[in-house]
Amino acid sequence: MNGAPSRTSTNTPRVRAGAAALIAAGGLAVSAVSAHAQNAAVQPPLVAAPVANGDSVDTVHDPLQGFNRGSFGFSMGLDHAVLRPVAHGYMAVTPSPLRRRVSAVVYNLGEPSTTVNDILQGKPKRAGRSSARFLINSTVGVLGLWDVATGMGLKAHDADFGQTFGRYGVRPGPYLYVPVIGPSSFRDGVGRVLDFFTDPVGIVGGGYTTTFGATRLGVQTVDTRARADTAFRALDDATDPYVTARSAYGQYREAFVREATGEVQALPDFDNDTSVAPAAASTQPAPASPETAPAPSTTQ
Amino acid sequence: MIDARPTRRFAQLALVALVGVGALSQAHPAFAQAARDPQAEQFVQTRAQRVITVLADKNQSVAQKKATFHQAIDELADVPKVTNFVLGKYARSITPDQRQRFAAAFRVYAESVYQNRINDYHGEVLKVTGSTVRKPGDVIVNTTISGGQVGQPLPLAWRVMGGGTSWKVVDVQFKGVWLAITQQQDFVSTIDNAGGNIDVLIGQLQRDAQRSASR
Chain G
1 MNGAPSRTST NTPRVRAGAA ALIAAGGLAV SAVSAHAQNA AVQPPLVAAP
51 VANGDSVDTV HDPLQGFNRG SFGFSMGLDH AVLRPVAHGY MAVTPSPLRR
101 RVSAVVYNLG EPSTTVNDIL QGKPKRAGRS SARFLINSTV GVLGLWDVAT
151 GMGLKAHDAD FGQTFGRYGV RPGPYLYVPV IGPSSFRDGV GRVLDFFTDP
201 VGIVGGGYTT TFGATRLGVQ TVDTRARADT AFRALDDATD PYVTARSAYG
251 QYREAFVREA TGEVQALPDF DNDTSVAPAA ASTQPAPASP ETAPAPSTTQ
Chain Z
1 MIDARPTRRF AQLALVALVG VGALSQAHPA FAQAARDPQA EQFVQTRAQR
51 VITVLADKNQ SVAQKKATFH QAIDELADVP KVTNFVLGKY ARSITPDQRQ
101 RFAAAFRVYA ESVYQNRIND YHGEVLKVTG STVRKPGDVI VNTTISGGQV
151 GQPLPLAWRV MGGGTSWKVV DVQFKGVWLA ITQQQDFVST IDNAGGNIDV
201 LIGQLQRDAQ RSASR
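Line order of the protein sequences matches chains G and Z.
Residues in the first sequence are numbered from 1 upward in steps of one, following our numbering.
Residues in the second sequence are numbered from 1 upward in steps of one, following our numbering.
In structure tokens:
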């Protein structure tokens with residue numbers, strides 16, 4: 001709790017910088033759909049059985065789209081102006097092996113928070129794994145610089161409060177693009193706040209008001225943005241970048257929750273008649289699929 | 001001083017115990033796998049590896065890579081199926097003329113964009129780690145990409161359809177995000193926002209492909 005950026009302190013500028021950086025890092029951590037947990041080798045559970053869903057996919061529930069689109073535009077503008085140049089500068093002056101060491105340290109400091117959530121999810125083996133990883137990599141791996149634990153068969157995995165809620169059946173709720181903070185949902189938004197206040201490293205390290213905390217946050221911000229660079233570039237290629245980010249975020253988070261629940265993903269059907277007989281007026285659905293009813297809620 | 005040794009021993013024991021717990025949790029896969037499909041796996045191993053090898057080849061010029069990718073995509077992916085899928089609900093209302101123009105624009109767009117995406121991984125070696133048969137002829141093949149500039153091996157899943165020795169990729173997944181599904185939502189939203197006018201999307205794809213190619 002002592003890590004709250006709003007805490008009164010004699011050193012106001014530092015607190016303010018910490019708060020700003022926190023927000024920035026928070027935004028990155030979620031907008032970087034593919035970047036979060038780059039080191040984690042655990043694959044989300046894939047499909048074991050078909051749950052055909054017509055030729056379209058349910059998308060994220062987005063009743064606040066007007067607000068969200070404005071927020072997205074603003075945040076992307078800010079990224080272009082500030083974070084992207086910083087991240088590109090960082091990538092230009094550091095070789096990738098060095099950046100990987102930085103990422104490893106950042107990732108290692110997140111392991112205790114993973115352990116907290118593993119425990120809350122009732123998964124002692126995963127908790128054992130993440131805490132063993134933290135102990136080994138912090139010592140033998142020299143403060144997390146090297147991920148020696150993976151070499152010992154202790155593969156990385158992630159956990160956060162959004163996933164913990166999902167594990168107990170909480171749905172994501174409406175999609176929310178928080179200005180600067182990035183894509184989220186009602187469930188994951190609450191989760192992020194709890195992640196912040198329960199992060200053992202944040203608590204022990206004195207939050208973002210200390211030199212350690214502020215440095216960690218700054219490094220994490222740049223590291224995350226750099227690793228997310230390909231995801232950001234993918235957005236540039238999209239015809240509707242807002243929807244692409246929303247779709248990717250929703251899929252990523254649901255896959256992450258399925259990792260905890262063990263559920264199987266419902267995938268859309270590629271086998272529609274329209275695909276085999278393009279010219280035909282066609283479209284009797286395959287016997288197994290539901291009516292080719294208009295795609296339920298593809299977008300708004 | 002007297003207490004130091006037992007404490008250290010305890011710490012060592014605790015470490016061993018923790019490692020033990022961690023190692024145990026590795027012992028069994030979290031999800032009992034349904035049937036695998038060796039032929040689908042073989043297809044991905046061969047074809048996808050070929051594409052990755054081409055893109056990682058430093059001796060080839062950008063133009064050469066483009067040409068090879070253009071050719072390889074037909075062997076790897078079911079282009080007609082994907083083209084239809086990404087239109088979502090509009091696949092049913094599109095006119096034959098629009099379909100033709102869309103297919104041409106999407107092809108050019110997808111080639112340049114997907115080449116960039118695969119290039120982003122900078123990987124060199126693809127290894128099949130398993131597969132899951134969703135239903136006969138519809139298989140998810142799990143792979144990892146490593147080597148090159150990749151630190152930890154990246155998990156990548158391929159959805160392939162077909163049978164026997166004849167397979168084609170319809171979708172690719174990284175970190176839970178499926179490429180074609182995301183593309184469909186992107187396109188359908190763009191058409192929705194244009195009041196259902198598919199020509200607007202076609203025009204945008206043509207512009208994007210030019211932009212992407214010039215990068």
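Glycine included, each C-beta is placed from N, C-alpha and C at the ideal position.
Source: prediction; values computed, not measured.
Along the chain, where does the alpha helix (DSSP H) that runs through Thr164 of chain G open and close?
Looking up residue 164 of chain G in the first sequence gives position 164. Note, Thr164 of chain G: alpha helix (DSSP H), 161 to 167.
Closer than 8 angstroms by beta-carbon distance: list the chain G residues that pair up with Gly195 of chain Z, in chain order.
Taking the second sequence and counting its residues from 1, one reaches residue 195 of chain Z at position 195. Chain G residues near Gly195 of chain Z: none, gap ~13 angstroms exceeds 8 angstroms.
With DSSP as the reference, label Asp240 of chain G as helix, strand or coil.
Locating residue 240 of chain G in the first sequence gives position 240, counting from the first residue. Of the three classes helix, strand and coil, the one that applies to Asp240 of chain G here is coil, per DSSP.
For Ala180 of chain Z, tell me which candidate among Z:Ile118, Z:Gln100, Z:Gly164, Z:Phe85 has the shortest Cα-Cα distance.
Your numbering for residue 180 of chain Z matches position 180 in the second sequence. The option with the nearest alpha carbon to Ala180 of chain Z is Z:Phe85.
Output the boundary residues of the alpha helix (DSSP H) element that contains Ala214 of chain G.
The count along the first sequence starts at 1 and reaches residue 214 of chain G at position 214. Looking at the DSSP string, the run of the alpha helix (DSSP H) that includes Ala214 of chain G is 211 to 227.
Measuring alpha carbon to alpha carbon, tell me which residue in Z:Asp199, Z:Ser189, Z:Ser131, Z:Gln42 is nearest Ala35 of chain Z.
Indexing the second sequence from 1 puts residue 35 of chain Z at position 35. Closest by alpha carbon: Z:Ser131.
Distance between Thr95 of chain Z and Val150 of chain Z (C-alpha atoms, nearest Å)
The residue you call residue 150 of chain Z lines up with position 150 of the second sequence. The residue you call residue 95 of chain Z lines up with position 95 of the second sequence. Approximately 44 angstroms, taken between the alpha carbons.
According to the neighbour-count rule (16 or more other Cβ atoms, all chains shown, within 10 Å of its Cβ), is Thr215 of chain G buried or exposed?
Position 215 of the first sequence, counted from the start, is the residue given in the question as residue 215 of chain G. Exposed, by the Cβ-count rule.
Classify Gln206 of chain Z as helix, strand or coil using the three-state DSSP reduction.
Residue 206 of chain Z sits at position 206 when you count from the first residue of the second sequence. Three-state DSSP puts Gln206 of chain Z in a helix.
State whether the stretch 121 to 131 of chain G contacts the stretch 155 to 175 of chain G, with contact taken as three or more CB pairs (one from each stretch) at a distance under 8 angstroms.
yes
Give a yes or no on whether the minimum CB-CB distance between Asn108 of chain G and chain Z is below 8 angstroms.
As a first step, residue 108 of chain G is located in the first sequence; it is residue number 108 there, counting from the start. Not one beta carbon of chain Z lies nearer than 8 angstroms to the beta carbon of Asn108 of chain G.
Using a Cβ-Cβ cut-off of less than 9 angstroms, list which residues of the stretch 157 to 174 of chain Z approach chain G; keep chain order.
For the stretch 157 to 174 of chain Z, the set of positions with a beta-carbon nearer than 9 angstroms to some beta-carbon of chain G reads Ala157, Arg159, Met161, Val170, Asp171, Gln173, Phe174 in chain order.
Using a C-beta cutoff of 8 angstroms, does Ser31 of chain G count as contacting chain Z?
For this step, residue 31 of chain G is matched to residue 31 along the first sequence. Residue placement at Ser31 of chain G cannot be trusted, given a pLDDT of 36 that sits under 50; what the coordinates show is reported in the next sentence. So no, Ser31 of chain G is outside the interface.
In the DSSP output, what is Trp167 of chain Z paired with across the bridge?
Within the second sequence, the letter at position 167 stands for residue 167 of chain Z. Looking at the DSSP assignment, Trp167 of chain Z forms a beta bridge with Z:Gly162.
Proximity test, Cβ basis, 8 angstroms: Val177 of chain Z and chain G:
Residue 177 of chain Z sits at position 177 when you count from the first residue of the second sequence. With 8 angstroms as the cut-off, Val177 of chain Z counts as an interface residue toward chain G.
Alpha carbon to alpha carbon, what distance is there between Asp236 of chain G and Phe43 of chain Z?
Within the second sequence, numbered from 1, the residue matching residue 43 of chain Z stands at position 43. Within the first sequence, numbered from 1, the residue matching residue 236 of chain G stands at position 236. Straight-line Cα distance between these residues: approximately 31 angstroms.
Within 10 Å of its beta-carbon, does Gly202 of chain G have 16 or more other beta-carbons around it, so buried, or fewer, so exposed?
On the first sequence, position 202 is the one that residue 202 of chain G refers to. Classification for Gly202 of chain G: buried.
Euclidean distance between Cα positions of Pro136 of chain Z and Lys168 of chain Z
As a position in the second sequence, residue 136 of chain Z is number 136, starting the count at 1. As a position in the second sequence, residue 168 of chain Z is number 168, starting the count at 1. So the alpha carbons of these two residues sit roughly 14 angstroms apart.
Just reading off the alpha helix (DSSP H) that Leu55 of chain Z is part of, what are its end residues?
For the purposes of this step, residue 55 of chain Z is identified with residue 55 of the second sequence, where counting begins at 1. That run of the alpha helix (DSSP H) goes 38 to 56.
Which of helix, strand or coil DSSP assigns to Ser75 of chain G:
The residue you call residue 75 of chain G lines up with position 75 of the first sequence. Looking at Ser75 of chain G - three-state DSSP - the assignment turns out to be helix.
Please report the distance separating the alpha-carbon of Val180 of chain G from that of Ala56 of chain Z.
Against the first sequence, residue 180 of chain G aligns to sequence position 180. Against the second sequence, residue 56 of chain Z aligns to sequence position 56. Near 35 angstroms, if we compare the C-alpha coordinates of Ala56 of chain Z and Val180 of chain G.
First and last residue of the uninterrupted alpha helix (DSSP H) at Tyr175 of chain G:
If you number the first sequence from 1, residue 175 of chain G lands on position 175. Looking at the DSSP string, Tyr175 of chain G is not in any alpha helix (DSSP H); the run it does join, the beta strand (DSSP E), is 175 to 178.
Should Asn39 of chain G go down as buried or exposed, given a rule of 16 or more other Cβ atoms within 10 Å for buried?
Counting from one through the first sequence, the residue named residue 39 of chain G turns up at place 39. Note that Asn39 of chain G has pLDDT 39, beneath the 50 cutoff, so the model's placement of it is unreliable and no number is given.
Which residues in chain G sit within 7 angstroms of Gly151 of chain Z, going by Cβ to Cβ distance?
Here residue 151 of chain Z refers to the residue found at position 151 when the second sequence is read from its first residue. Simply Arg100.
Can you tell me where the beta strand (DSSP E) holding Lys125 of chain G begins and where it ends?
The count along the first sequence starts at 1 and reaches residue 125 of chain G at position 125. No beta strand (DSSP E) holds Lys125 of chain G; the alpha helix (DSSP H) holding it covers 124 to 139.
Alpha carbon of Pro63 of chain G to alpha carbon of Tyr175 of chain G, nearest angstrom:
Here residue 63 of chain G is taken as the residue at index 63 of the first sequence, counted from 1. Here residue 175 of chain G is taken as the residue at index 175 of the first sequence, counted from 1. Looking at the two C-alpha atoms, the distance is approximately 8 angstroms.
Give a yes or no on whether the C-beta atoms belonging to Leu126 of chain Z and Gln45 of chain Z are separated by under 8 angstroms.
Position 126 of the second sequence, counting from 1, holds the residue named residue 126 of chain Z. Position 45 of the second sequence, counting from 1, holds the residue named residue 45 of chain Z. Closer than 8 angstroms, so yes.
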